[in-house]
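> As given, the protein sequences belong to chains H and Z, one line each in that order.
Note that our numbering gives residue 90 to position 83 of the first sequence, counting from 1, and the numbers run on in steps of one.
Note that our numbering gives residue 515 to position 259 of the second sequence, counting from 1, and the numbers run on in steps of one.
Glycine included, every Cβ here is placed at the ideal spot set by N, Cα and C.
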Amino acid sequence: MTVAANGQAISLQHVRKVWGQTVSLEDLSLEVPAGSFTAVLGPSGCGKSTTLRIIAGLESVSAGKVLIGGRDVTEYSPAQRGISMVFQSYALFPHLTVAENIVFGLKVAGVPRQERQRRLNEVAELLELAPYLNRKPAALSGGQQQRVALGRAVISQRPVCLMDEPLSNLDARLRDEMRREIRRLQRALGFTMVYVTHDQTEAITMADRVVLMNKGQIEQVASPEEIYQRPATPFAARFIGTPPMNLLPPAAFGEALRGVPETLRIGVRPEALTESADGPITAQVKGAEFLGADTLVELNCAGADLLAKLPGTRSLTPGETLRLAVTPDQLHAFDIAQNSRLEDESLAARIRDIQR
Amino acid sequence: MLRTRGWIHAWLLLLPGFVFLIAFTHLPALTTLWSSFFTTPRGRRPAKWAGLENYDTLIGDPIFWKVLWNNAIYAAGTIPLSIIIALVMALWVNRQLAGRGFVRMAYFTPTVLPMIAVANIWMFFYTPGFGLIDQIGGALGFGQTNILGSANSALFGVMVVTIWKEAGFFMIFYLAALQTIPTSLIEAARVEGAGGWTIFRRITLPLLMPTTLFVSINAVVNSFRMVDHIFILTGGGPDNASSLLLFYIYEVAFRFWDTAYAATLTVVLLVFLMILAIGQFFLFDRKVHYR
Ligand SMILES: Nc1ncnc2c1ncn2[C@@H]1O[C@H](COP(=O)(O)OP(=O)(O)O)[C@@H](O)[C@H]1O
Ligand SMILES: [Mg+2]
Numbered sequence: 008m009t010v011a012a013n014g015q016a017i018s019l020q021h022v023r024k025v026w027g028q029t030v031s032l033e034d035l036s037l038e039v040p041a042g043s044f045t046a047v048l049g050p051s052g053c054g055k056s057t058t059l060r061i062i063a064g065l066e067s068v069s070a071g072k073v074l075i076g077g078r079d080v081t082e083y084s085p086a087q088r089g090i091s092m093v094f095q096s097y098a099l100f101p102h103l104t105v106a107e108n109i110v111f112g113l114k115v116a117g118v119p120r121q122e123r124q125r126r127l128n129e130v131a132e133l134l135e136l137a138p139y140l141n142r143k144p145a146a147l148s149g150g151q152q153q154r155v156a157l158g159r160a161v162i163s164q165r166p167v168c169l170m171d172e173p174l175s176n177l178d179a180r181l182r183d184e185m186r187r188e189i190r191r192l193q194r195a196l197g198f199t200m201v202y203v204t205h206d207q208t209e210a211i212t213m214a215d216r217v218v219l220m221n222k223g224q225i226e227q228v229a230s231p232e233e234i235y236q237r238p239a240t241p242f243a244a245r246f247i248g249t250p251p252m253n254l255l256p257p258a259a260f261g262e263a264l265r266g267v268p269e270t271l272r273i274g275v276r277p278e279a280l281t282e283s284a285d286g287p288i289t290a291q292v293k294g295a296e297f298l299g300a301d302t303l304v305e306l307n308c309a310g311a312d313l314l315a316k317l318p319g320t321r322s323l324t325p326g327e328t329l330r331l332a333v334t335p336d337q338l339h340a341f342d343i344a345q346n347s348r349l350e351d352e353s354l355a356a357r358i359r360d361i362q363r
Numbered sequence: 257m258l259r260t261r262g263w264i265h266a267w268l269l270l271l272p273g274f275v276f277l278i279a280f281t282h283l284p285a286l287t288t289l290w291s292s293f294f295t296t297p298r299g300r301r302p303a304k305w306a307g308l309e310n311y312d313t314l315i316g317d318p319i320f321w322k323v324l325w326n327n328a329i330y331a332a333g334t335i336p337l338s339i340i341i342a343l344v345m346a347l348w349v350n351r352q353l354a355g356r357g358f359v360r361m362a363y364f365t366p367t368v369l370p371m372i373a374v375a376n377i378w379m380f381f382y383t384p385g386f387g388l389i390d391q392i393g394g395a396l397g398f399g400q401t402n403i404l405g406s407a408n409s410a411l412f413g414v415m416v417v418t419i420w421k422e423a424g425f426f427m428i429f430y431l432a433a434l435q436t437i438p439t440s441l442i443e444a445a446r447v448e449g450a451g452g453w454t455i456f457r458r459i460t461l462p463l464l465m466p467t468t469l470f471v472s473i474n475a476v477v478n479s480f481r482m483v484d485h486i487f488i489l490t491g492g493g494p495d496n497a498s499s500l501l502l503f504y505i506y507e508v509a510f511r512f513w514d515t516a517y518a519a520t521l522t523v524v525l526l527v528f529l530m531i532l533a534i535g536q537f538f539l540f541d542r543k544v545h546y547r
C-alpha cells in the first residue's frame with residue numbers, strides 16, 4: 008500500500024483482571040514499542056487472550072490502565088482505540104462477500120465509495136485475493152479465509168493490529184507460508200503488532216520481541232535470541248527450546264558444588280551436552296530416541312531426569328553409564344525459590360572449574 | 257442389482273410415513289376438492305353433481321367476502337407485530353441480564369398455555385365493567401369499554417390475544433438462532449467501528465433471515481389456522497365482525513350442515529395457503545443466507 012500506517016506504542020500499567028474468583032491477570036505491566044512485532048507467548052490458559060482483549064477494549068480491566076499512542080484509552084470502546092484485530096476463528100461475516108467483509112469498517116466509517124474501491128483493490132492485490140472478491144467466506148479455503156481476515160484488518164490502516172492465534176486452524180505447510188506473509192505485511196505497513204500464540208516457533212521466528220507469560224504474569228520480555236540464550240526464569244528456560252532445557256540439582260555435579268543452596272538449579276540445553284570421557288556429569292541411560300541427524304538420549308543423573316541430544320546415531324543400552332560435558336558459557340543458573348536467573352560470578356567460576 | 261435393492265430399502269423405510277401422510281392429509285384434501293363439485297346430501301337426497309355452482313354461491317356470498325377481509329386485516333395486523341415483538345424480546349432476553357432464566361420463562365408462558373386457556377385469561381381482561389382493563393381504566397377515570405362486544409373493536413380484541421400468544425412462541429426460535437451467532441462476529445464488527453444499530457442491521461438481522469423466513473411462514477399459516485380463541489371470546493360476532501375464514505368454515509359445516517359449501521370454502525383456504533407459502537419461499541429465498 009502507498010501510505011504506511013505509523014505504529015503506536017501500547018502500554019499496560021498494573022493491569023489486573025478477575026472473573027469472580029478466577030484471577031486471570033495479576034499486576035501486569037507491559038510496554039510495546041511503536042511499530043514493533045511483539046509476540047505474547049505462553050501455555051494455554053495463562054492469560055494471553057485476556058491481555059489482547061484488554062488492549063482491544065473487548066474486556067474491561069479490573070484495575071490498571073491501558074495506553075495506546077500515549078493516550079489513556081482504558082475507558083474507550085474498541086472502535087475508539089485505533090486498533091484492528093484478527094480472530095482465531097477469523098470471524099468473517101458469513102453473509103457478506105469477501106469484498107464486503109474487507110471494506111466493512113470503511114463503510115461503517117463512511118469512507119466514499121471510490122476511496123473504498125481503491126483501497127480494496129490495493130489490499131486484494133497485496134494479499135492475492137482479487138479472484139475471490141465476490142465469493143462468500145464459506146466458499147474459501149482456510150488459508151484464503153485467513154487472508155480475508157488479514158485484509159479486513161489492514162485496510163483501515165490503523166496504527167495497532169492485534170492477532171489471537173491466527174494460524175492455529177491451518178495445516179503446517181500453510182502455517183509456514185502465512186507466517187512469512189504476516190511478517191512481510193507488518194514490515195511493509197509499519198503498524199504495531201501484538202501477536203498471541205502458544206507456539207514458540209511462531210513467536211521466535213516472527214517477533215522482534217517476545218513476551219513470555221505464565222499464570223497471568225509476565226515471565227520475561229526479550230528478543231527471541233535473548234530469551235533463548237539468557238532465559239530469565241526457570242519457566243522461560245523450560246518453555247523455550249525443544250526438547251526443553253534440563254534443570255539439574257547441584258548434586259548432579261557431584262562434590263564440586265557442595266554447599267550451594269538446594270534451591271539452585273543448573274540449566275543445560277540438551278543440544279549443549281557432549282560426550283566426554285572426563286566430563287563432570289555422570290548419568291545412566293534410560294532410553295534413546297533416534298531423530299535422524301541426532302539421537303535424543305534420556306538419562307538419569309543423581310535422581311533427576313536429563314535429556315541429551317547427541318550427534319549421529321548411537322546405539323545405547325539402558326543402564327549404560329555416560330559421561331557428559333558442557334562448555335561453561337552454555338550453562339545457566341537459576342534459583343527456583345526466587346524464580347529467577349542467577350548471575351553469581353563466584354558460582355560461575357566454580358562451575359567453570361569443574362570443567363577443567 | 258445392489259442399487260435396486262437400495263431403492264427398495266429406502267422406499268420401505270419411507271412407507272409408514274407416507275401411508276399416514278396420504279391417508280390423513282392428501283386424500284382428505286382431494287376428497288374435499290371433489291365434494292366441492294357436488295350438492296350437500298340432505299336426508300334421503302344424495303349428493304348430486306353441481307359443477308361450479310358452489311363456487312358461484314361463494315362469489316355471491318357477502319359473508320365470505322366479509323370474513324376474507326377480516327382475515328386479511330387479522331393477518332396484516334398480527335404477523336408483522338408478533339414477529340417484531342418476538343425479535344425485540346429475544347434480543348432483550350439474549351443479553352447478560354440478571355434473572356435471565358426467569359425472564360425467558362415468563363415470555364415463554366403464553367406458548368405453553370393452550371389457546372382456550374389464553375382466551376379465558378383475556379376474557380377476564382376484556383369483560384365490560386369488572387374486567388381488568390375496565391378496573392384500571394375506571395380507576396384512572398375512563399368510562400366502561402366493551403371491546404369484544406362492539407363491531408368496530410371485536411376483531412382488534414382478538415388480534416391482541418393472537419399477538420400475545422404468538423410473540424412468545426416466535427421468540428424461542430429467535431433466541432435459539434441468536435445463540436448460534438458467534439460472539440466473535442459481533443466483536444469483529446465492534447472493532448471495525450460498528451455501533452449497536454449497525455451491528456443489528458448489517459450482521460444480526462441478516463444472519464437471522466432463515467429464522468425470519470421460518471417464523472413468517474408459520475405466522476401466515478397460523479393467521480388462517482388459529483381460531484380457537486374466537487370460540488371463547490366472540491363466537492365470530494357481533495355480526496361476523498370478528499369471524500375469520502376457518503371459523504366461517506366451521507360454522508357452515510357444523511352449524512348449518514352445508515358440507516358441500518364448507519368444502520368449497522376449504523378449497524379456497526387451501527389455495528390461499530399454498531400460494532402464500534410458495535410465494536413467501538421464493539420471495540425470501542433470494543435474500544436469505546443459509547449457513
Ligand atoms: N469470560 C471468562 N470468564 C471467566 N473466566 C475466564 C473468561 N475468559 C478467560 N477466563 C479465564 O482466564 C484465564 C486466562 O484465559 P485466556 O486469556 O483465554 O488464556 P489463553 O488465551 O492464554 O489460553 C483462564 O483461566 C480462563 O479460564
Ligand atoms: Mg487464548
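If L196 of chain H sits next to I162 of chain H, beta carbons under 8 Å apart, how far is it from one beta carbon to the other, in whole angstroms?
Contact doesn't hold; Cβ gap of about 10 Å is too wide.
> Alpha carbon to alpha carbon, what distance is there between T288 of chain Z and V523 of chain Z?
Those two C-alpha atoms are separated by around 7 Å.
> Check for me: the beta strand (DSSP E) holding N350 of chain Z runs from which residue to which?
Here N350 of chain Z belongs to no beta strand (DSSP E); instead the alpha helix (DSSP H) covers P318 to N350.
> Using the rule of at least 16 other Cβ atoms within 10 Å of the residue's Cβ for burial, across every protein chain shown, is G316 of chain Z buried or exposed?
The residue in question, G316 of chain Z, is exposed, as its Cβ has fewer than 16 Cβ neighbours within 10 Å.
> Tell me whether I339 of chain Z is buried or exposed, calling it buried when 16 or more other Cβ atoms sit within 10 Å of its Cβ.
I339 of chain Z comes out buried.
> Is it right to say K304 of chain Z is buried, meaning 16 or more other beta carbons lie within 10 angstroms of its own, or is it exposed?
Classification of K304 of chain Z: exposed, given that the 10 Å Cβ count is below 16.
> Using only CA atoms, which one of H:C308, H:P318 and H:A311 lies nearest to G299 of chain H?
Per the Cα distances, H:P318.
> Residues of chain Z with CB under 8 Å from L90 of chain H, in chain order?
Here residue 90 of chain H turns out to be Ile, not Leu, going by the sequence shown. Under the 8 Å cutoff, chain Z gives V447.
> Going residue by residue through the stretch 411–498 of chain Z, where are the continuous alpha helix (DSSP H) segments of at least 4 residues, counting only ones entirely within it?
Whole alpha helix (DSSP H) segments, 4+ residues: 439–447, 452–455, 465–481 and 484–489.
> Is P277 of chain H close to chain Z? Criterion is C-beta to C-beta, closer than 8 Å.
By this cut-off, P277 of chain H is not an interface position.
> Going by other Cβ atoms of all chains shown within 10 Å of its Cβ, with 16 needed for buried, is L306 of chain H buried or exposed?
With 16 or more Cβ atoms within 10 Å of its Cβ, L306 of chain H is classed as buried.
> Going by the DSSP bridge assignment, what does V73 of chain H pair with across the sheet?
V73 of chain H is bridged to H:L19.
> Here's the rule I'm using: 16 or more other beta-carbon atoms within 10 Å means buried, otherwise exposed. How should N496 of chain Z be labelled?
The residue in question, N496 of chain Z, is buried, as its Cβ has 16 or more Cβ neighbours within 10 Å.
> What residue from H:M185, H:L74, H:R123 and H:E226 has the CA that sits closest to Q164 of chain H's CA?
Measuring from the Cα of Q164 of chain H, the nearest candidate turns out to be H:R123.
> With 8 Å set as the bound, which would you pick, yes or no: does the beta-carbon of A433 of chain Z sit closer than that to a beta-carbon of chain H?
Not one chain H Cβ lies under 8 Å of A433 of chain Z.
> Taking the continuous beta strand (DSSP E) assigned at G213 of chain H, which residues delimit it?
Note on residue identity: the sequence assigns Met, not Gly, to residue 213 of chain H. It is not in any beta strand (DSSP E) - M213 of chain H instead sits in the alpha helix (DSSP H) that spans Q207 to M213.
> For the beta strand (DSSP E) that contains V167 of chain H, what are its first and last residues?
V167 to D171 is the span of the beta strand (DSSP E), which, as asked, contains V167 of chain H.
> Is V267 of chain H near L354 of chain H, with beta carbons less than 8 Å apart?
Yes.
> Using 10 angstroms around the beta-carbon of V167 of chain H, count the other beta-carbons present and answer buried if the total reaches 16, otherwise exposed.
Classification for V167 of chain H: buried.
> Could you tell me which residues DSSP puts in a beta bridge with T204 of chain H?
Its beta-bridge partners are H:L48.
> Is there contact here, the stretch 238–258 of chain H with the stretch 271–289 of chain H, by at least three beta-carbon pairs under 8 Å?
At 8 Å Cβ cutoff, the stretches touch.
> What does the Cβ neighbour count give for T29 of chain H, buried or exposed, with the cut at 16 atoms within 10 Å?
Counting Cβ neighbours within 10 Å, T29 of chain H comes out exposed, since fewer than 16 surround it.
> Below 8 Å on C-beta distance, what does P438 of chain Z contact in chain H?
Neighbours of P438 of chain Z on chain H, chain order: S96 and A98.
> Compute the minimum distance between the beta carbon of S56 of chain H and the heavy atoms of ligand 2, and state whether it is under 7 Å.
True, at least one ligand heavy atom lies under 7 Å from that Cβ.
> Should S84 of chain H and G52 of chain H be called a contact, given that it needs their Cβ atoms to be closer than 8 Å?
No; because the gap between Cβ atoms is not below 8 Å, this pair is not in contact.
> With 9 Å as the limit, tell me which residues of the stretch 466–478 of chain Z have their beta carbon closer than that to any beta carbon of chain H; keep them in chain order.
Hits within the stretch: zero.
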